[in-house]
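Chemist:
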Amino acid sequence: MKAAEKMVKDVNEETQVFPQHSYQQLCKEIYSENHPRIIIFSIPHEYPGDECVKALRPYMTKGDIVLGCSNEYYVNTERRQADLENDWIFYVGCGVSGGYQSARAGPSMSPGGDPQALEIIMPLLRTVAAKDRDGKPCTSPNATASWQEHPYLLVDKIPHCTAEEFRAVWHSELPTYPKDRTSKKGWKWPSRVQLQYDKYKLWESLRNEAAQVFWRELRLAFGHMQLTNKFLVTSKNAIGTSRCIRLRELACEKANIVSAHLFKCTSAEFDQRAADAEASGRRVQPSAMKVAPRDDSIEDLRQATYFCLLLCFTQGLQIIREMDQQRQWHINYQELLHVWSAGSIIQAGGIMDLLHKVYSESPGQKNNLLSNSTLENQLTNLLPSMKRCIIAALESDMVIPAMSQSLEYYKYSTLVDLPTQLAEAELDYFGNHKFHLKEEHRGEPSKGKHHFEWKPAKGEPDRFRL
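The opening residue of the sequence shown carries number 1 in the UniProt record's numbering; numbering runs sequentially from there.
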């Protein structure tokens, strides 16, 4: 409360911020006979949102609107909507992206709820939302009650993953920094490798954030980061952890996203890592990548980063598609990409343009984006650079969990024959799980119909068992 009071005290009076001391006072101050109340909150999800709605409810009247901008879990949104319907109060769940910087300049916003409530609030949202390069507001309503927030749960996970890819690139270049901070070559490094990939028009938002961090660090310590690498993600209620737990229930590709989160979980355990490093004799020490010529290696890093980002977006969209099918949300993916095109933390002009093309070329392939020839051609052309970067990073003991996972994911996703026969045979050996034959099985996953009696079952222990 003291922090909140200090914030209110520091607000300039000309900003027209009017502090309220109770929910009752708030609802009384904004009452109008000509217009329903619109109460907007952006607070921690789940329990705090429930408590806020509970406290507001006694002072709200028929037709009032609560706009929840907390990127809430869709189940909670649907529950609140159904509950408030009994009093003819509208609850609109709104996905919001852009961070506290875009909150001042215009975020991307996707409200979902009752059409009557959406009609009332959309003029406001179109005014405050970010605008794309053509001046169109990056906001889109949908009468499907709750789906609009679900993509924004992934908006937090896609940058989680792609930030890890950027970190790998930064880590790969850091050991080669010139020690002389006045070195012309050293000062040119950010302009070339700080992810300003005009050729690909990559992820502008995080790229620019990374660039600002790099420039600040260069001025202060010239590449030797003073920030500790200890993320606070250990709580089961931490946003990344809770969302990865929910992703676990979906049978779709999420390797990069989960890998990036597990890396952050390990990063949080600083004392444990320090003890493990001491026990190992610190034999793993990242060193400068041995590459030549340098300009070629930089271009390889650029292309490898593009490769990874494409796969992060692909996985994120496939997760959204899986939920879309399960819940029958009927998402318009072209419109979703437009909403992400500005204000959002994952705005990426070139990638968005490519994905627009992918969805327009093959609307029937929404379930499998990697089967699109345009996207596949891009990834195939980038693959050699990706391999060279992974090999060089491994030889230098670089820490690249999500980056290496991108390559593995692409490999096993585009191979017809995977080396899983032994695992299938073992399952059939000890559990009669049955299996398919390659020449006969096509289509959706299903239980096999073949079994082989690998060894007569006599009820005797195996003598060779360890």
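Just so you know, even glycine gets a beta-carbon here, dropped at the ideal spot from N, CA and C. Note that the coordinates shown come from a computational prediction; the quantities given were computed from them, not determined experimentally.
1. Could you tell me the alpha carbon to alpha carbon distance between F435 and S446, rounded to whole angstroms?
2. Identify every residue that forms a DSSP beta bridge with N142.
3. If you count every other CB in all the chains shown that lies within 10 Å of the CB of D58, and 16 or more means buried, which is it?
4. According to the neighbour-count rule (16 or more other Cβ atoms, all chains shown, within 10 Å of its Cβ), is T276 buried or exposed?
5. Could you pull the start and end residues of the alpha helix (DSSP H) that G93 belongs to?
6. Given a cut-off of 8 Å, decide if C69 and V339 are closer than it, judged by their beta-carbon atoms.
7. Does the beta-carbon of H45 have 16 or more other beta-carbons within 10 angstroms, so that it is buried, or is it exposed?
8. Give the secondary structure of L415 by DSSP, where H, G and I count as helix, E and B as strand, and everything else as coil.
9. So what does V66 bridge to, in DSSP terms?
10. Ends of the alpha helix (DSSP H) at Y429?
11. How far does the alpha helix (DSSP H) with T380 in it extend, from its first residue to its last?
12. Does DSSP put V17 in a helix, in a strand, or in coil?
13. Run through DSSP, which three-state label would K438 get?
14. Under three-state DSSP, which class holds P137?
15. What is the rounded straight-line gap between the Cα of I319 and the Cα of E29?
16. Using three-state DSSP, classify K131 as helix, strand or coil.
17. Comparing alpha-carbon positions, which option in V53, T77, C52, F90 lies nearest D64?
18. Go through its chain and collect everything with a Cβ distance to Q24's Cβ below 7 Å, but skip five positions before and after it.
19. Helix, strand or coil, according to DSSP, for H451 in the structure here?
20. Less than 8 Å between the beta carbons of L383 and E376, yes or no?
21. Select from K254, L418, D114 the residue whose C-alpha is nearest the C-alpha of G93.
22. By the 10 Å Cβ neighbour count, where 16 or more other Cβ atoms means buried, how is W203 classified, buried or exposed?
Modeler: This is what the structure holds:
1. 10 Å
2. G112
3. For the sequence presented, residue 58 should be read as Pro rather than Asp. Flag for P58 reads exposed.
4. A quick correction: the sequence has Asp, not Thr, at residue 276. With fewer than 16 other Cβ atoms within 10 Å, it is exposed.
5. Careful: G93 lies outside any alpha helix (DSSP H), inside the beta strand (DSSP E) at 90-97.
6. no
7. buried
8. coil
9. I39, Y91
10. 421-431
11. 373-395
12. coil
13. coil
14. strand
15. 43 Å
16. strand
17. F90
18. Y59
19. coil
20. no
21. D114
22. Low per-residue confidence applies at W203: pLDDT is 42, beneath 50, and the placement is therefore not dependable, though the value from the model is reported in the following sentence. Buried is the call here.
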